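2 protein chains.
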Amino acid sequence: MQTSKRLLRHSAYLPGEQPKIQDSVIKLNTNENPYPPSPTVTDALLSEIPRLNLYPSPPSVALREEIAQLHGLESDQVIIGNGSDDILNLCVRTYSDDELKIGMLDPSYSLYEVLAGVQGSDLIRIGFTDDQFSIDPEKIATCEANLFFLTSPHAPSGRLYSRDQLSQLARKFPGLLVIDEAYADFASENAVSLLKESDNVLITRTFSKSYSLAGLRVGYGLGPASVISQLDKVREVYNLDRLAQAGALAALRDRKYFQECLEKVMEQRNMVASQFDDFGWRQIASSANFIFVQPKSSGEGTGPEVALSLFRHLSEHNILVRYFPKHPQTSSFLRISIGKPSEMSILMKSIKLWRQKKQQG
Amino acid sequence: MQTSKRLLRHSAYLPGEQPKIQDSVIKLNTNENPYPPSPTVTDALLSEIPRLNLYPSPPSVALREEIAQLHGLESDQVIIGNGSDDILNLCVRTYSDDELKIGMLDPSYSLYEVLAGVQGSDLIRIGFTDDQFSIDPEKIATCEANLFFLTSPHAPSGRLYSRDQLSQLARKFPGLLVIDEAYADFASENAVSLLKESDNVLITRTFSKSYSLAGLRVGYGLGPASVISQLDKVREVYNLDRLAQAGALAALRDRKYFQECLEKVMEQRNMVASQFDDFGWRQIASSANFIFVQPKSSGEGTGPEVALSLFRHLSEHNILVRYFPKHPQTSSFLRISIGKPSEMSILMKSIKLWRQKKQQG
Numbered sequence: 000m001q002t003s004k005r006l007l008r009h010s011a012y013l014p015g016e017q018p019k020i021q022d023s024v025i026k027l028n029t030n031e032n033p034y035p036p037s038p039t040v041t042d043a044l045l046s047e048i049p050r051l052n053l054y055p056s057p058p059s060v061a062l063r064e065e066i067a068q069l070h071g072l073e074s075d076q077v078i079i080g081n082g083s084d085d086i087l088n089l090c091v092r093t094y095s096d097d098e099l100k101i102g103m104l105d106p107s108y109s110l111y112e113v114l115a116g117v118q119g120s121d122l123i124r125i126g127f128t129d130d131q132f133s134i135d136p137e138k139i140a141t142c143e144a145n146l147f148f149l150t151s152p153h154a155p156s157g158r159l160y161s162r163d164q165l166s167q168l169a170r171k172f173p174g175l176l177v178i179d180e181a182y183a184d185f186a187s188e189n190a191v192s193l194l195k196e197s198d199n200v201l202i203t204r205t206f207s208k209s210y211s212l213a214g215l216r217v218g219y220g221l222g223p224a225s226v227i228s229q230l231d232k233v234r235e236v237y238n239l240d241r242l243a244q245a246g247a248l249a250a251l252r253d254r255k256y257f258q259e260c261l262e263k264v265m266e267q268r269n270m271v272a273s274q275f276d277d278f279g280w281r282q283i284a285s286s287a288n289f290i291f292v293q294p295k296s297s298g299e300g301t302g303p304e305v306a307l308s309l310f311r312h313l314s315e316h317n318i319l320v321r322y323f324p325k326h327p328q329t330s331s332f333l334r335i336s337i338g339k340p341s342e343m344s345i346l347m348k349s350i351k352l353w354r355q356k357k358q359q360g
Numbered sequence: 000m001q002t003s004k005r006l007l008r009h010s011a012y013l014p015g016e017q018p019k020i021q022d023s024v025i026k027l028n029t030n031e032n033p034y035p036p037s038p039t040v041t042d043a044l045l046s047e048i049p050r051l052n053l054y055p056s057p058p059s060v061a062l063r064e065e066i067a068q069l070h071g072l073e074s075d076q077v078i079i080g081n082g083s084d085d086i087l088n089l090c091v092r093t094y095s096d097d098e099l100k101i102g103m104l105d106p107s108y109s110l111y112e113v114l115a116g117v118q119g120s121d122l123i124r125i126g127f128t129d130d131q132f133s134i135d136p137e138k139i140a141t142c143e144a145n146l147f148f149l150t151s152p153h154a155p156s157g158r159l160y161s162r163d164q165l166s167q168l169a170r171k172f173p174g175l176l177v178i179d180e181a182y183a184d185f186a187s188e189n190a191v192s193l194l195k196e197s198d199n200v201l202i203t204r205t206f207s208k209s210y211s212l213a214g215l216r217v218g219y220g221l222g223p224a225s226v227i228s229q230l231d232k233v234r235e236v237y238n239l240d241r242l243a244q245a246g247a248l249a250a251l252r253d254r255k256y257f258q259e260c261l262e263k264v265m266e267q268r269n270m271v272a273s274q275f276d277d278f279g280w281r282q283i284a285s286s287a288n289f290i291f292v293q294p295k296s297s298g299e300g301t302g303p304e305v306a307l308s309l310f311r312h313l314s315e316h317n318i319l320v321r322y323f324p325k326h327p328q329t330s331s332f333l334r335i336s337i338g339k340p341s342e343m344s345i346l347m348k349s350i351k352l353w354r355q356k357k358q359q360g
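Quick mapping for you: the protein sequence lines, in order, are chains H and B.
Sequential numbering from 0 applies to the first sequence in numbering that gives the first Met the number 0.
Sequential numbering from 0 applies to the second sequence in numbering that gives the first Met the number 0.
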């Protein structure tokens, strides 16, 4: 048998490490929520078990309707995915091929490149205009991609792009602008209101971060009914299992728990950011559930060696964070997910220990 | 934005009807298991809930190992999918494109055509040699497909192809032969032992039928490590959620419950088959959890109108079965999933009522 030539440039996505024994490790490397899902999820799951012998609702009807209501949209403007990765993949399969190109911010979520690789689509990388991860809408709008993935809040920097800037971009860009809002619940604004004025914007969201359901694989897309119906034709018919549909619905409805978890995470984010400020470490103002920070040692200053040194030190102390060595704009930084207060306290103690060692060394 | 030209010939998969109020309907249209999953599934799910905030194991490690053990294989010969549909899709994306063609038995599972449509791959349809759904291995082996989907037990007929016939085919066929064994647990033999002798056979299985987990979306593929590793590169990294992994693992381990459900289903299948024999209705000997039968009325004999008449009669009595009107080899048949004894008893009563009406009419 032969392998498709479309896969020639493809290499698989490399996820953040999943430690085998999770209890002894402080896991701040894949932007998970440190809190368990809403207690209402348990009852919702239990009531679904006797029906597990039956196929799920193909379009995840109840969840679609609830999400539409949450965002003030019609249910034909919503599509549910097996994680938002599923929606991103549907976009790639529907709006790109060997002629229709994909654009992305570079660096941003590396999955875009993986999905382009499987589809055999050309990828256009658009860099930032400065070290604050600022974008040039004109450059994106004229890049000749048919499909552009813009992550806002951006990962791994945490930088938020304003609604006005995105609106300006959407007006100029002739293709489909996918605004990947995986982290938007931790931000002060989002792009949902753009859907009232644009017919070429699709917004993706996930239950993995703000709803504490990374283990359940649920995400969604919001967009014009015409785009949603195209994506729906390509969607695997039973893409979401019964438990995922029921669990996400319960989590979505418990607004109080959702809000409490958000606030706890944002409080820790601000606390850690202020400590890094005290150290004089450069960071990008974060609108997400992680902090992107440039470690500095009193002896060596900043740079890839310094970032790697702290990464290794934390790893030796069973604290996992994420290091992206391949890009000059990320290689002297670490991305640290926000955990519980007790975890952040251990993290900060360990960082202080590293700083002391560096001062003595 | 433009839509990919690859989708030009694609139309979406049409699933069997999912009634809204399931309690008042006897659902024999999508080959679900009438029994709930093993009671051990509940505990497995409950113990996973506190960890739902964390991403699942990307390769579904524990489930992979257990399945390997069940079939006497190594774990690098196993891949887990979000339903076996996920595995079929990975095959299409890896081993077909606008040059590498896909072959399938015609008629068989209509999803193969849908997946080919999304990939923009040419489809070669191989018909049967007689009305018993017999195949000609020579014709398949020389059809110039790079990837061939062979359903055994075949759907919608229920016909089983022998290990020897499949072995002969695998030796001659130069591409990847995917043997879709969704229904194999209801059959007297299967093709797993072919994996010891062939390097171009992939077998797909599902938890949807024999394990009563259609609502959980879990399937798997068994094949050479080289093929599995190719598919793994294309697989969505977190394709299976934590609950699906844990639930399937628990169901797999409860062999006693699994066996009991199988036996109950097969007993009903034989009972219904024998009643159809008594009616003098033609049927294909079923190795699956459904019966493919050609209804006959004393006045009109057999044919599409007769099949449609019984389909409508059952539907009016809240009994859903499946009718495939588009193909001459299926249009005078109905496919009836095997339910609980009480459901099959109501079904048979309703069929008898139809026969009486037809005699009087």
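Beta carbons: idealized from backbone N, C-alpha and C, even for Gly.
As the structure is a prediction and not an experimental result, all values here were calculated from the model.
(message) To the nearest angstrom, how far is the alpha carbon of D84/B from that of L110/B?
(response) In the second sequence, residue 84/B corresponds to position 85, counting from 1. In the second sequence, residue 110/B corresponds to position 111, counting from 1. Near 8 Å, if we compare the C-alpha coordinates of L110/B and D84/B.
(message) Here's the rule: buried if 16 or more other CB atoms are within 10 angstroms of the residue's CB, otherwise exposed. What is P38/B?
(response) For the purposes of this step, residue 38/B is taken as residue 39 along the second sequence, with counting starting at 1. P38/B should be labelled exposed.
(request) Compare the C-beta of R254/B with all C-beta atoms of chain H and state if any pair is closer than 8 Å. (result) One-based indexing of the second sequence puts residue 254/B at position 255. It does not: the Cβ of R254/B has no partner Cβ on chain H nearer than 8 Å.
(request) Assign Q76/B to one of two classes, buried (16 or more other C-beta atoms within 10 Å of its C-beta) or exposed (fewer than that). (result) Numbered from its first residue, the second sequence carries residue 76/B at position 77. By the neighbour-count rule (16 or more Cβ atoms within 10 Å), Q76/B is buried.
(message) Do I283/H and Q164/H count as a contact pair if the criterion is CB distance below 8 Å?
(response) Here residue 164/H corresponds to residue number 165 of the first sequence, with the count starting at 1. Here residue 283/H corresponds to residue number 284 of the first sequence, with the count starting at 1. No, they are not a contact pair.
(request) Over the uninterrupted alpha helix (DSSP H) stretch that includes G218/B, give me the two end residues. (result) Here residue 218/B refers to the residue found at position 219 of the second sequence. Not the alpha helix (DSSP H): G218/B falls in the beta strand (DSSP E), residues G218 to L221.
(message) Between the stretch 258-274 of chain B and the stretch 308-319 of chain B, can you find at least three pairs of beta-carbon atoms closer than 8 Å?
(response) no
(message) Just list the residues that DSSP pairs Q274/B with in beta bridges.
(response) Your numbering for residue 274/B matches position 275 in the second sequence. In DSSP, Q274/B forms no bridge with anything.
(message) I'd like to know if A213/B contacts chain H, where contact means its C-beta is closer than 8 Å to some C-beta of that chain.
(response) In the second sequence, counting from the first residue as 1, residue 213/B sits at position 214. Closer than 8 Å: yes.
(message) Using DSSP's beta-bridge definition, name the partner residues of G246/B.
(response) For the purposes of this step, residue 246/B is taken as the residue at position 247 of the second sequence. Looking at the DSSP assignment, G246/B forms no beta bridge with any residue, so it has no partner.
(message) Any C-beta of chain H within less than 8 Å: which residues of the stretch 263-294 of chain B qualify?
(response) none
(message) Can you confirm whether the stretch 224-233 of chain H touches the stretch 5-22 of chain B when touching is taken to mean that 3 or more C-beta pairs between the two stretches lie within less than 8 Å?
(response) yes
(request) Whole angstroms is fine: what's the gap from L242/H's alpha carbon to Q359/H's? (result) For the purposes of this step, residue 242/H is identified with residue 243 of the first sequence, where counting begins at 1. For the purposes of this step, residue 359/H is identified with residue 360 of the first sequence, where counting begins at 1. Rounded to the nearest whole angstrom, the C-alpha separation of L242/H and Q359/H is 54 Å.
(request) Flag this pair as yes or no: are the beta carbons of L201/B and L62/B separated by less than 8 Å? (result) Residue numbering aside, residue 201/B sits at position 202 when the second sequence is read from its first letter. Residue numbering aside, residue 62/B sits at position 63 when the second sequence is read from its first letter. No; because the gap between Cβ atoms is not below 8 Å, this pair is not in contact.
(request) Tell me where the beta strand (DSSP E) around I178/H begins and ends. (result) One-based indexing of the first sequence puts residue 178/H at position 179. From DSSP, the beta strand (DSSP E) with I178/H extends over L175 to D179.
(request) Measuring alpha carbon to alpha carbon, tell me which of P49/B, T29/B and S10/B ends up nearest L215/H. (result) One-based indexing of the first sequence puts residue 215/H at position 216. Closest option to L215/H, Cα to Cα, is P49/B.
(request) Check whether the stretch 56-71 of chain H touches the stretch 212-229 of chain B, counting contact only when three or more Cβ pairs, one atom from each stretch, lie closer than 8 Å. (result) no
(message) So that I know if they touch, is there some Cβ in chain H lying closer than 8 Å to that of S83/B?
(response) Position 84 of the second sequence holds residue 83/B. So no, S83/B is outside the interface.
(message) Can you tell me where the beta strand (DSSP E) holding F291/H begins and where it ends?
(response) Residue mapping note: residue 291/H aligns to position 292 of the first sequence, counting from 1. Segment F289 to Q293, the beta strand (DSSP E) holding F291/H.
(request) Classify F148/H as helix, strand or coil using the three-state DSSP reduction. (result) Working through the first sequence from its first residue, we reach residue 148/H at position 149. F148/H falls in the strand class under three-state DSSP.
(message) Tell me the residue span of the alpha helix (DSSP H) that contains L7/B.
(response) Mapped onto the second sequence, residue 7/B falls at position 8. Looking at the DSSP string, L7/B is not in any alpha helix (DSSP H), and its letter there is neither H nor E.
(request) Identify whether R158/B lies in helix, strand or coil by the three-state DSSP scheme. (result) Translated into the one-based positions of the second sequence, residue 158/B becomes position 159. DSSP places R158/B in coil when its eight states are reduced to three.
(message) Tell me whether the stretch 141-153 of chain H and the stretch 16-31 of chain B touch, counting them as touching only if at least three CB pairs, one residue from each stretch, are closer than 8 Å.
(response) With the cut-off at 8 Å, the stretch 141-153 of chain H and the stretch 16-31 of chain B do not touch.
(message) Residues of chain B with CB closer than 7 Å to the CB of N189/H, please, in chain order.
(response) For the purposes of this step, residue 189/H is identified with residue 190 of the first sequence, where counting begins at 1. Those do not exist, as N189/H stays about 22 Å from chain B at its closest Cβ, beyond 7 Å.
(request) Report the residues of the stretch 161-174 of chain H with a CB closer than 8 Å to any CB of chain B, ordered along the chain. (result) Taking 8 Å as the cut-off between beta carbons, the residues of the stretch 161-174 of chain H near chain B are P173 and G174, in sequence order.
(request) Return helix, strand or coil for G119/B, following the three-state DSSP convention. (result) As a working mapping, residue 119/B is identified with position 120 in the second sequence. Here G119/B sits in coil by DSSP.
(message) Between which two residues does the alpha helix (DSSP H) holding S308/H run?
(response) As a position in the first sequence, residue 308/H is number 309, starting the count at 1. That run of the alpha helix (DSSP H) goes P303 to E315.
(message) Just to make sure I have the definition right: I need the residues of chain B whose C-beta is within less than 9 Å of the C-beta of P35/H. Which are they?
(response) Numbered from 1 along the first sequence, position 36 holds the residue referred to as residue 35/H. I48, P49, R50, L51 and N52, listed in chain order.
(message) Quick check: what's the CA-CA separation for R281/H versus L212/B?
(response) What you label residue 281/H is simply residue 282 of the first sequence in a count that begins at 1. What you label residue 212/B is simply residue 213 of the second sequence in a count that begins at 1. If you take the alpha carbons of R281/H and L212/B, they lie about 51 Å apart.
(message) Judging by CA-CA distance, which residue of R170/B, L44/B and S331/B is the nearest neighbour of P294/B?
(response) Residue 294/B sits at position 295 when you count from the first residue of the second sequence. Minimum Cα distance to P294/B is reached at S331/B.
(request) Measuring alpha carbon to alpha carbon, tell me which of G116/H, K171/H and V305/H ends up nearest I139/H. (result) As a first step, residue 139/H is located in the first sequence; it is residue number 140 there, counting from the start. The option with the nearest alpha carbon to I139/H is K171/H.
(message) Against chain B, does S74/H count as a neighbour if the rule is that its beta carbon must be under 8 Å from one of theirs?
(response) Position 75 of the first sequence, counted from the start, is the residue given in the question as residue 74/H. Answer no: the Cβ-Cβ gap between S74/H and chain B never drops below 8 Å.
(request) Consult DSSP for T203/H and reduce its assignment to one of helix, strand or coil. (result) Here residue 203/H refers to the residue found at position 204 of the first sequence. T203/H falls in the strand class under three-state DSSP.
(request) Identify the contact partners of H9/B in chain H, using a Cβ-Cβ distance below 8 Å as the criterion. (result) Start at 1 with the first residue of the second sequence, and residue 9/B comes out as number 10. Ordered by position in chain H, the residues that pass the 8 Å Cβ test against H9/B are K232 and V233.
(request) List the residues that DSSP assigns as beta-bridge partners of Q336/H. (result) The residue labelled residue 336/H in the question sits at position 337 within the first sequence. Note that residue 336/H corresponds to Ser in the displayed sequence, not to Gln. Partner residues in the beta bridge of S336/H, as assigned by DSSP, are F289/H.
(request) Return the CA-CA distance between N199/H and L176/H, expressed in angstroms with no decimal places. (result) Mapped onto the first sequence, residue 199/H falls at position 200. Mapped onto the first sequence, residue 176/H falls at position 177. Using only the alpha carbons, I get a separation of about 6 Å.
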